[in-house]
Amino acid sequence: MSLPRITVVTPSYNQVKYIRATIDSVLTQNYPNLEYIIMDGGSTDGTLAILKSYGKQIKWESKKDKGQADAINQGLRYSSGQIMTYLNSDDIYLPGTLKRVGEYYAKTKADWITGDCLIINEQGEVNHTNWLVSGYKRFLMAIYSPTTLKIADSMLPQPSTFWSRKAWNKVGEFNQDYHYVMDYDYWLRMSKYYRPHNLGVALSGFRAQADSKSETGRIKLMAEGMLALRRNGANNLELALHRLHCDIVRQIYLVLNKLK
């Protein structure tokens with residue numbers, strides 16, 4: 006079986022604490038047709054020394070950018086993969102992920118592929134709530150439609166989601182207006198043309214940190230999410246259900262975290 010070329014872009018800025026784990030999780034996939042590009046925003050914390058230590062195993066560039074979406078777009082513009090994705094500089098791939106995605110694409114030519122995502126802590130340990138989170142997201146994927154995607158923004162885990170170059174050419178680049186929801190906006194736009202194929206297995210680990218953007222900027226995240234929904238044609242009922250879903254999920258997470 007001829008495996009497709011997969012491009013992974015990692016946007017990074019001052020992530021010296023985690024970026025080696027991220028890079029190693031990509032390179033140890035041992036995927037035979039990999040293009041790995043790291044777009045660094047001009048880090049000053051020792052990240053560049055780590056990038057240099059990998060020699061020709063990775064492509065990278067360090068310069069000031071206009072934010073995460075801009076860095077992702079720049080990397081994808083340089084890319085040559087048939088399959089494209091990005092992996093943030095504190096997240097990881099699980100063993101065998103790229104092989105699973107590559108083989109599935111080779112068989113089906115699916116333009117949008119996703120899977121489960123484990124929540125890991127700052128030490129890389131799996132969160133105790135994973136069984137519930139994964140089960141709920143599998144339920145959401147089982148009832149997927151463009152409408153349910155508008156209600157449940159967390160349906161598709163970003164680190165476990167891949168798309169074809171054909172889809173990229175049709176949908177366009179990530180919207181640089183967004184600081185928090187560039188991925189959700191992209192899924193909303195993608196849903197107008199394609200349906201995600203769910204592999205039903207964990208592909209990545211999302212690192213939950215107290216100081217991450219999604220934790221420290223929840224009010225801004227919600228505002229951006231509502232803006233993205235309006236721009237993608239959500240009606241008033243969908244907007245109300247989206248807000249309600251976010252509030253319920255947030256409260257459930259708070260309760261579960263108290264049960265550690």
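First residue of the sequence shown? That's 6 in the numbering used here, and the numbers climb one at a time after it.
Beta carbons: idealized from backbone N, C-alpha and C, even for Gly.
{"Query": "Sheet register partners of Gln122 (DSSP bridge)", "Result": "Looking at the sequence shown, residue 122 is not Gln but Cys. In the DSSP output, where bridge partners are listed per residue, Cys122 has Ser209."}
{"Query": "Buried versus exposed, by CB contacts within 10 Å (16 or more), Arg200", "Result": "exposed"}
{"Query": "Integer-rounded CB distance, given that Trp117 should sit under 8 Å from His202", "Result": "6 Å"}
{"Query": "Residue range of the unbroken alpha helix (DSSP H) whose run includes Thr15", "Result": "From DSSP, Thr15 is part of no alpha helix (DSSP H) but of the beta strand (DSSP E) over Ile11 to Ser17."}
{"Query": "Distance CB(Ile11)-CB(Ile88) smaller than 7 Å", "Result": "yes"}
{"Query": "Nonlocal neighbours in the same chain, by C-beta distance under 8 Å from Leu154, ignoring five residues either side", "Result": "Met160, Leu161, Trp192, Leu193 and Ser196"}
{"Query": "Sub-7 Å separation of Gln34 and Leu103 beta-carbons", "Result": "yes"}
{"Query": "DSSP beta-bridge partners of Thr90", "Result": "Val13"}
{"Query": "Straight-line Cα distance separating Lys114 from Met44", "Result": "28 Å"}
{"Query": "Sub-7 Å separation of Asp96 and Arg223 beta-carbons", "Result": "no"}
{"Query": "Candidates Thr119, Ser84 and Gly46: closest to Asp75 by CA position", "Result": "Gly46"}
{"Query": "Host beta strand (DSSP E) of Asp45 (start-end)", "Result": "Leu39 to Asp45"}
{"Query": "Through-space distance from Leu123 to Ser139, alpha-carbon basis", "Result": "8 Å"}
{"Query": "Residue environment, Pro37, which counts as buried when at least 16 other CB atoms sit within 10 Å", "Result": "exposed"}
{"Query": "Chain-order list of residues whose beta-carbon lies under 7 Å from that of Tyr83 (same chain, five-residue window excluded)", "Result": "Ile42"}
{"Query": "Proximal residues to Gly72 (C-beta, below 7 Å), its chain only, five neighbours per side dropped", "Result": "Gln181 and His184"}
{"Query": "Pair within 7 Å by beta-carbon distance, Val186 and Glu243", "Result": "no"}
{"Query": "Limits of the unbroken beta strand (DSSP E) element including Ser169", "Result": "Phe167 to Ser169"}
{"Query": "Residues sharing a beta bridge with Ser67, DSSP", "Result": "Asp45"}
{"Query": "Coarse secondary structure for Leu103, derived from DSSP in three states", "Result": "helix"}
{"Query": "Inter-residue Cα distance where the pair is Leu226 and Arg248", "Result": "12 Å"}
{"Query": "Cβ pair Phe179, Ile77 closer than 7 Å", "Result": "yes"}
{"Query": "Boundaries (first-last residue) of the alpha helix (DSSP H) holding Gln79", "Result": "Gln73 to Tyr83"}
{"Query": "Paired residues, beta bridge with Asn203 - DSSP", "Result": "Thr119"}
{"Query": "Strand pairing of Tyr141, partner residues [DSSP]", "Result": "In DSSP, Tyr141 forms no bridge with anything."}
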